[in-house]
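Report on one structure; see the data block that follows.
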Amino acid sequence: MKKFGTPMRQDTTQRWAEVSKCKNLQDLQTKLNQQIKIQRETFPVVRLKNKTRLQEFPQLLTSRRVFSPQEFNPQRVYDFLAKKIFTRKVSSAGQITHFGQKMVIGSHYKEQYVQLQLDKDKVEWMITANHKYVKNAPAVNLSHERILSMTVFSKNEKCT
């Protein structure tokens, strides 16, 4: 039975905190802190014999890190993203959208799939198709300011 004010199923804290609606990183941190508190202190966990996480792990209250914009280093974001390979389908117009950024790939790639991997030093997307190099495109949405303001996925109408 659903308790009032609780989700029907246990979604991620991100979804509970409505991350996409946060105005800035401080707002995000506040909402995440609220949801973490609820998740740790309210919801019993079957595998913990119906205890809450905090009841079972009191050390969860210690070693909390607070976000500091002065300590933010975008290179850590670039290093993380560089380990990933993203796949996108090229539109009939020969374009893809990745992280809110439109990129022209070329009409000869239309309706095919391409892979993108971030060059963390140049902050450019290296685009390949069938393991062959296609082009590089600057990762314009991955600027320091856009990461901090959480607008990385905002649409950029200009094609690169």
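The letter at position 159 of the sequence shown is residue 158 when you use numbering that gives the first Met the number 0, and the numbering goes up by one with no holes. All residues carry an ideal CB built from backbone N, CA and C; glycine is no exception.
Around the C-beta of residue i, are 16 or more other C-beta atoms found within 10 angstroms, so that it is buried, or is it exposed?
| i | result |
| --- | --- |
| E84 | Reading the sequence as shown, one finds Ile at residue 84 and not Glu. Label assigned to I84: exposed. |
| A92 | exposed |
| R63 | exposed |
| Y108 | buried |
| F42 | exposed |
| V113 | buried |
| F98 | buried |
In angstroms with no decimal places, state the Cα-to-Cα distance between residue i and residue j.
| i | j | result |
| --- | --- | --- |
| E55 | L47 | 7 Å |
| E160 | S19 | No answer is possible for residue 160: the residues shown for the chain start at 0 and end at 159. |
| T29 | Y132 | 43 Å |
| R52 | Q33 | 15 Å |
| A138 | F66 | 24 Å |
| M149 | N140 | 10 Å |
| E110 | T96 | 13 Å |
| V76 | E144 | 13 Å |
| L69 | S106 | According to the sequence provided, residue 69 is Gln. The question's Leu does not apply to it. Going by the C-alpha atoms only, they are around 44 Å apart. |
| Q104 | P73 | The question names Gln, but residue 104 in the sequence shown is Ile. So the two alpha carbons sit approximately 27 Å from each other. |
| T61 | K22 | 27 Å |
| F152 | I126 | 19 Å |
Would the beta-carbon of residue i fall within 8 Å of that of residue j?
| i | j | result |
| --- | --- | --- |
| L115 | R87 | yes |
| L24 | L117 | no |
So, helix, strand or coil for residue i, using DSSP?
| i | result |
| --- | --- |
| H97 | strand |
| F85 | strand |
| V76 | helix |
| Q111 | coil |
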